[in-house]
Each structure stands twice: as structure tokens, then as C-alpha cells.
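Chains as they are written, first to last, in the numbering used here: chain R, 3 to 386; chain Z, 3 to 386.
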């Protein structure tokens, strides 16, 4: 059983999150990833909390199984090594500001001439084209400018940031997709290509529903708290011991919900259709909570699940990491230390493939420049 | 210039969002997508608001350029057509509950025997394995159970839903990645494989930072409103005419910020390092806003951009759709009607590839069963 990307080598100049997330995904699919880091400092996230015995868990949980070599791309000896690495690699990834690679002599045009089969993946805040290509960005900036914050939060209060770094992560995911597509294309043509991912663009790709609404009505949607903006009931409800979720996405599910809660509302004209339920959402919520406040979350989740109504708890991250379904799916894995002992916990690979092994552990993340000797020996072997 | 997936045919049984989003992405990379819909009803989203002249803009903006044939997979004549389609396709996608395809005689095991090269992509709420594989789920359920809601919202208030349907969309993105990886693997082996994507798993894959924190400290993170939980200042600030964002991710950017705002804080021990700034975040916010409240958002965004500090507006979706950088990147495209006139607006393709054309329009979405005659003629041609 060979992995889809076995035999593929990725030379990864990226740091922090979007790029390293992409190369982590590609490593999970079988690629070898060689991180090229700045001497002395390395990836910024080596200094990001949380720490365990002085090591960054943040860095470790995104860079497991990668190799590291520290190179100064302005130093001629290091450039010679980098040139040899380019010649042996299938993909190079970078997340510098547009123009930086060109100044180093490693821009796409130059590299494509020298290594026609090399695939070049770039991820930046605003992309390599357009009037604001050169501006810096972080996750927060693209979440705000890209529209997701404007529809997230409580109605009539200030918008909030999505707690997960979707500005970076979704960009990393599209970069990984682009690399996979370019590898397919290369099989047909022998030629590499450049992939230019902008974090801002990727936020737009999350807005399908909101764009459709704005396009048809002219009115941009507002935040709607814990409610879906156009399906009812599809929100949080109070039980006697806290909040849980009910998502009754159509009339049949609403009828089952009413039966399970012994609420005679399914034929009530105020609630019989989804448009009517949306109009009377506040009243409906009060009627449902008058029932659900009488027992525990666990009780209602059991009752509604038995009735076939989509429902579930709101779990914090500690609870998620012990969720039996998550554990059965091997979605929490151990990152090992050099002795093979579990050291950190990380998210597993969500792409479950019948032809891809799904290990329960990950190899350690690399020390800065920790694989230099191995990589140099490998390069010697390649050029003999 | 051939697209990476040109010549690839995807038989798409999915409806609503996660599956159709995956096939939209693959269509943008050049694949032909044939939607197989239920006779009479079709994809549920054909009935989802918003509507334009009775047609769903929601459906249109996710299914542009796809073909449609209505088939009853329990009817023997329709099954014969479906069998012919399977024989001509590279990929089949489905989002039924686990077991439904098996009952129809189209489970992965059966199909893999009959069509060894066929790739089978499934997306479901909880996946095809584990104790809760059979439970129904919607976006809201996996956002709640998967932990993202627990870190999104204002501190000490109720959690909120992410306004974009990331429960579905991120699952669709991982499905598309899995399909691309399987296509690569098939080039080497000639064999298809099954991809089993769970919406719940995919939420975990968004939690990198939160999992690292929980794993090391034992304490799951809480929502932090519009602030990054461990970088300061990285949040919203009030100007005289409303909120905007400043993301000063390290000490050098903080020093530039202080200089631009003429605030003598860069060497103040309360703010000199990121840990100190995090501890004194409220005080720092008040000191910064004492300055920023004195002028407009546009003023501060201009001043801070000139100083090289990441900053930006919080845009609503109407504003995003007119953002010059977004327009320059062709991230808002027109979906045409049958006469070639723009009818809806949709998100463009965020995967910009040097070898892939980036059209400014999309072909119409299909009428239910609207391509039956063409598809049947094509099948006849293939088997002659």
C-alpha cells in the first residue's frame, strides 16, 4: 500500500501557519517535507506558546515528521545547497511577500527556466497580483476584510473573530489542493506550474450563502448569533444544565422534533413551514425551551437522536479530544519524541482513504537544522 | 493550456453543500461533473432561499457548469443508465447515510469489484466507521460538537455559530483533496480507492492551536471575542466612525504601531513583550483607542499601512464584493443564464494556477434533468 504522494519531495520555505499546514497535509498523504529555515531563529512558531519543557507545542503539532535544514539564502555556500535541493525536489513552497523570492534569484520565472518540472506554491495575504499585493496580512486582517467576521457574532453586538485560524488554515488547504492538481497536470505534461494563493481570496470562497443573498437582495447578511440565518429551528437551546444544539433542517424533521418534545406545533400555521418558523423564531425558541429546560442536555440529546432529529452537545476542546466517535476515527494522534514516547497531542488526518494507512502516531517535529547531515548525505548520493 | 482535471468525469450523487462544494472545486480545475438527482425534487437546495424569479440563487452559485440527469436508483431502467455512467466515470461522489449505497447495490465493495479504477468519495456527518456512524448531522451539529463554537464568541457570553458554513465547506474541501490524491495514486496503480470524509473529523482539523493548548495545559481555551487568544494587539479597535482591525504580531510590528500612533509604549515594561502585552491587553486597548477614537477608520488604516503594520477594515459582504483587491483577483464571477447574460454572482476560484485559465464567468447551473438527452447520446457514443 503506497501513499498517493510517496516519492514526492517538498522543499518548504514557509513558516507560521498557512504554508506549514499545507505541507503537513501533503506529508499525511505520503510526501517527504524538507523545511528550509532561517539560521538561528527558524520558523517563528518555534517561539509561540504553549510550551512544554521549553519547546513549542504549537510548532510541534504542525511540523511533525518534517525534516529541517537551516540555510541563509543570501550566503553562497548555503545557496549552493539550496540549488541542489531544488534540483531534487518536486515542489517548492514559500510565503514571503511578493517579490522577495525574485530578489533572491529564486522567483517563479527563474526557477521554471532552470527546473521546468518544479511546482511552485506561494501563499500570501493578498496574492501576487492586484493593487495591494505587497501589503502584509495576518489571519485577523483577512477574517475582518474578507467578510466572515461581519456574519459571525451576536446580532446588534460587535463582530467576533472565528476562534480557529481559518484565515490561515483555509488558505493552506487551497494551497494543498493546488499542489495536488499541479502534480496531476505534471504527469500529463512534464511541466510544473505556479500556484498563487491569497488568504483574502480564500475567505471569499467560504461565503457561498452570504454572497448569494447579497447578490440577489442587495442586503448583506448580519451576524445571527448561534442561529442559522435562514433555517429554523437550527440553533442552541437551553436544557436544565446548559446549552445544546437542535438542527431540524426541514418540515419532516420539525414534525419529528415536535412529536419527541410532545409539542403540538407541527400543524400550527405559525410554524408549519420553514419561512413561517423563521418569522416566528423567537416564539418557537421560547416554546421549545419551556420543554427542554425541564431535563438535562444528555436526556434531550438521547430522546431527539432516537427520534432521528440532528442534535448534539456544544463541546469544549478537552471534551472533543475525548469524544468516542473522534477517538474511533483516530482523529487525535500522538506526536512522539525522539525516543518514541508520546509527547504532544495533535489532530489526525481527516482524509480517510482505503489505500492510505492511518497511523495513530506521528514522528517528532525536527530540531532547527536537525537533519542537515542526513540531507547533505542524501544530496551527495543523488548526484553521484 | 489544458486544465489539471480535463478528461476527468465525476458522477455526483451529493446534495446540499459539502459534496456539491467539492465537485464545484473539481469543476473549477477542469473536471466534467454530472449531477445525478432524484426525479421530481432534485438537490434539496433547489428549494433553498434566496430566490431570483423563482430560482434558487443558493443552488445556482454552487452548481454552475454541472450537468443534471434525474435517476431513480430503485428503478431498473434508470439503474441501467446509472451502470453505464459508472462505467464511463472516474469518480463517484455520495453523501447518503452510511449503508444506503450498499442497500442500492452500489456500495464501495461492489463498485470496486465491477469498476476497479473508479474512485469513490463519501462525505457524511460522522463518517462510515465508529459507534455513531449512522447518526444524522448538519453543519450546526458538527460546529457545536467539534469544538469550534466553544472558542468562538464573546468571553462570558453564549457561544456563537461561525457565520459561514464551515462544517460543510471544510469537509467538501478535504473531500476534494482526497479525490485529487486518489487520482494521483490511480496514475501509478490503475486502482481507485474509497475516501471517507466525516464533517466532525474536519472540525478537529481546524483546531490546531486549541488542541496544542489543551494538550499541554489541560485547560481548553474559551472564546475571546474579537481578540486572538495569545497575541496582543491582534484585535478590533474603535475609530471615530467604527471598528477596524490591528494585527501587530511581534515586537517589531508593535514598535512600528507605537511610532505611528505616537504612543511611547514600545519600551514600557508593561508592553515590551508579547506575554506582557497579553497580560495588560485591556489597558493597552484603552491607550490605543484613546488615540484611534480621534480620527476615522480610513485615516488609521492609511497611517498604519504606511508604517507597515497589518491592519484593515471589517467589511460586510456587499463591501467585500466591491473590494478592489478582490475584483483584481477575479474572486467575484458572474454565473450566466442560458442566453449568456449574467444572472447571479458567485465566488471565484481561489486556486490561481499559471497553467489554468481563470474565467470571469461561469456556465449556467443545470435545470433538473436538463442534460438527460445529451448524456444519453454521449453514453451511446461511448459504447458503440
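The C-beta atom is built at its ideal place from N, Cα and C for all residues, glycine as well.
* Which residue from 244/Z, 361/Z, 169/Z puts its Cα closest to that of residue 209/Z? -> Of 244/Z, 361/Z, 169/Z, the residue nearest in Cα terms is 169/Z.
* Cutoff 8 Å; reference residue 261/R; Cβ partners in own chain excluding five residues on either side -> 268, 309, listed in sequence order.
* **Complete alpha helix (DSSP H) runs within the region 70-123 of chain R (minimum length 4 residues, chain order)** => With a minimum length of 4 residues, the continuous alpha helix (DSSP H) runs that stay inside the region 70-123 of chain R are 78-90, 102-105, 110-116.
* Using alpha carbons as the reference points, say which of 139/R, 293/R, 272/R lies closest to residue 306/R. => For the residues 139/R, 293/R, 272/R, the minimum Cα distance to residue 306/R belongs to 293/R.
* Local conformation of residue 9/R per DSSP, three classes -> Looking at residue 9/R - three-state DSSP - the assignment turns out to be coil, as it is neither helix nor strand.
* Asked: Which first and last residues belong to the beta strand (DSSP E) in which residue 171/R is found?
  -> Residue 171/R: not part of any beta strand (DSSP E); member of the alpha helix (DSSP H) spanning 168-191, first to last residue.
* How far does the alpha helix (DSSP H) with residue 279/Z in it reach, from first residue to last? -> Boundaries of the alpha helix (DSSP H) around residue 279/Z: 276-281.
* Asked: In its own chain, which residues sit with a C-beta less than 8 Å from the C-beta of residue 376/Z, not counting the 5 before and 5 after it?
  -> Result list for residue 376/Z: 69, in chain order.
* Look at the Cβ atom of residue 355/Z, then the Cβ atom of residue 213/R, and state whether they are nearer than 8 Å. => It is not a contact, given that the beta carbons lie outside the stated cut-off.
* Indicate, with yes or no, if the ligand COA has a heavy atom lying under 7 Å from the CB of residue 381/Z. => Only the bare structure without any ligand can be found here, which leaves the ligand COA out of the picture.
* Asked: If we count the other Cβ atoms within 10 Å of its Cβ and call it buried at 16 or more, is residue 101/R buried or exposed?
  -> Answer is exposed; the Cβ neighbour count stays below 16.
* Measuring only between beta-carbons, confirm whether residue 300/R sits less than 8 Å from chain Z. => For residue 300/R, the answer is no, since every Cβ of chain Z falls outside 8 Å of its Cβ.
* Partners in chain Z for residue 66/R, counting only beta-carbon separations shorter than 8 Å -> Result: empty, since nearest Cβ-Cβ is about 11 Å, beyond 8 Å.
* Asked: Taking 8 Å as the CB-CB limit, is residue 357/R close to chain Z?
  -> For residue 357/R, the nearest beta carbon of chain Z is closer than 8 Å to its own beta carbon.
* Near-chain Z residues of the region 144-156 of chain R - C-beta to any C-beta below 9 Å -> Within the region 144-156 of chain R, the qualifying residues are 144, 145, 146, 147, 148, 149, 150, 151, 152, 153, 154, 155, 156.
* Asked: Comparing alpha-carbon positions, which option in 367/Z, 337/Z, 152/Z lies nearest residue 1/Z?
  -> Residue 1/Z lies beyond the range of chain Z shown here (3 to 386); nothing can be said about it.
* Note down the Cα distance separating residue 116/Z from residue 89/Z, rounded to an integer number of angstroms. => Cα to Cα, residue 116/Z sits roughly 9 Å from residue 89/Z.
* List the residues of chain Z whose Cβ lies closer than 7 Å to the Cβ of residue 348/R, in chain order. => Per Cβ cutoff of 7 Å: 213.
* Asked: Which residues in the same chain have their Cβ closer than 6 Å to the Cβ of residue 86/Z, if we skip the five residues on either side of it in sequence?
  -> 381, listed in sequence order.
* Asked: Is DSSP giving residue 295/R helix, strand or coil here?
  -> The three-state reading of DSSP puts residue 295/R in coil, since its state is none of H, G, I, E or B.
* Is there a Cβ from chain R that is less than 8 Å from the Cβ of residue 13/Z? -> So no, residue 13/Z is outside the interface.
* Starting from residue 347/Z, follow the beta strand (DSSP E) in both directions and report where the run begins and ends. => 344-349 is the span of the beta strand (DSSP E), which, as asked, contains residue 347/Z.
* Asked: Quick one: Cα of residue 56/Z to Cα of residue 159/R, how far?
  -> Cα to Cα, residue 56/Z sits roughly 34 Å from residue 159/R.
* **Interfacial residues, the region 312-330 of chain R to chain Z, with Cβ spacing under 8 Å** => Residues 312, 313, 314, 315, 316, 317, 318, 319, 320, 321, 322, 323, 325, 326, 327, 328, 330.
* Asked: What residue from 367/Z, 153/Z, 351/Z, 178/Z has the CA that sits closest to residue 320/R's CA?
  -> Ranking the options by Cα distance to residue 320/R, first place goes to 153/Z.
* Flag residue 260/Z as yes if its beta-carbon sits less than 8 Å from any beta-carbon of chain R, otherwise no. => Closer than 8 Å: no.
* For residue 34/Z: DSSP bridge partner residues -> Beta-bridge pairing links residue 34/Z to 11/Z.
* Asked: Using 8 Å as the limit for Cβ to Cβ distance, is residue 247/R near chain Z?
  -> Chain Z, which has a Cβ nearer than 8 Å to the Cβ of residue 247/R, makes this yes.
* To do: Starting from residue 353/Z, trace the alpha helix (DSSP H) both ways and give me its first and last residue.
  => For residue 353/Z, there is no enclosing alpha helix (DSSP H), as DSSP marks it with neither H nor E.
* Asked: For residue 344/Z, does the count of other Cβ atoms within 10 angstroms reach 16, so buried, or fall short, so exposed?
  -> Under this definition residue 344/Z is an exposed residue.
* Asked: What distance in whole Å lies between the Cβ atoms of residue 147/R and residue 126/R, which are believed to be in contact at a cut-off of 8 Å?
  -> Rounded to the nearest angstrom, the Cβ distance from residue 126/R to residue 147/R is 14 Å, too far for a contact under 8 Å.
* Asked: Assuming residue 299/Z contacts residue 312/Z under a Cβ cut-off of 8 Å, what Cβ separation, rounded to an integer in Å, is found between them?
  -> Actually they are not in contact, since the Cβ atoms of residue 299/Z and residue 312/Z sit about 15 Å apart, beyond 8 Å.
* Asked: Can you find a C-beta in chain R that's less than 8 Å from the C-beta of residue 131/Z?
  -> Closer than 8 Å: yes.
* Are there 16 or more other CB atoms within 10 angstroms of the CB of residue 9/R, so buried, or fewer, so exposed? -> Answer is exposed; the Cβ neighbour count stays below 16.
* To do: Determine, using beta carbons only, whether residue 236/R comes closer than 8 Å to chain Z.
  => By this cut-off, residue 236/R is an interface position.
* Asked: Hey, quick one: how far does the beta strand (DSSP E) through residue 338/Z stretch, first residue to last?
  -> The continuous beta strand (DSSP E) containing residue 338/Z extends over residues 334-338.
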